[in-house]
Amino acid sequence: MTARIFKPARGATSSGTARTRKWVLVFDQSTPRTVEPLMGWTSSSDMTQQVKLSFETSEEAVAYCERNGIPYRVEQPKQPKRRTLAYADNFKYNRVGAWTH
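For the sequence shown, this note's numbering assigns the number 32 to the initial residue and increments by one for each residue that follows.
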């Protein structure tokens, strides 16, 4: 039962950073999922899959794991590449692509 500590990424359709500031602790899957033969639903007997804890900092999450004897791994977040463009850049003369209406 290994825990994974990470900062969640923002949604693909979102430009904001809501719900990406806290660190999240989730447990890795310890038993494989099984398919129920009658209805085809997938299930697991691993109850730790339902646990999702959030912390303000990664140090708090690491301290929680060490205090409770849980093996863990910390995944550092990747910083997004920010491109600053001005609206006037769409109309400059040395633009790479052709500008048309």
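The beta-carbon is built from N, C-alpha and C at its ideal position, and this holds for glycine as well.
query	result
Best match in Trp54, Thr48, Arg41 and Gln110 for proximity to Glu91 [C-alpha to C-alpha]	Trp54
For Ala92, the first and last residue of its enclosing alpha helix (DSSP H)	Ser89 to Asn99
Rounded straight-line distance, which links the Cα of Leu69 to that of Gly47	43 angstroms
Beta-carbon gap between Gln60 and Gln80 smaller than 8 angstroms	yes
Same chain, Cβ closer than 8 angstroms to Ser85, five either side skipped, listed in chain order	Lys53, Trp54, Val55 and Leu56
Residue from Arg64, Gly71, Met78 and Gln110 whose Cα sits closest to the Cα of Thr51	Gln110
CB contact flag (Tyr103, Thr33, <8 angstroms)	yes
Which residues DSSP lists as bridging Val57, in chain order	Arg35 and Lys83
Separation of Ser89 from Glu97, as counted between CA atoms	12 angstroms
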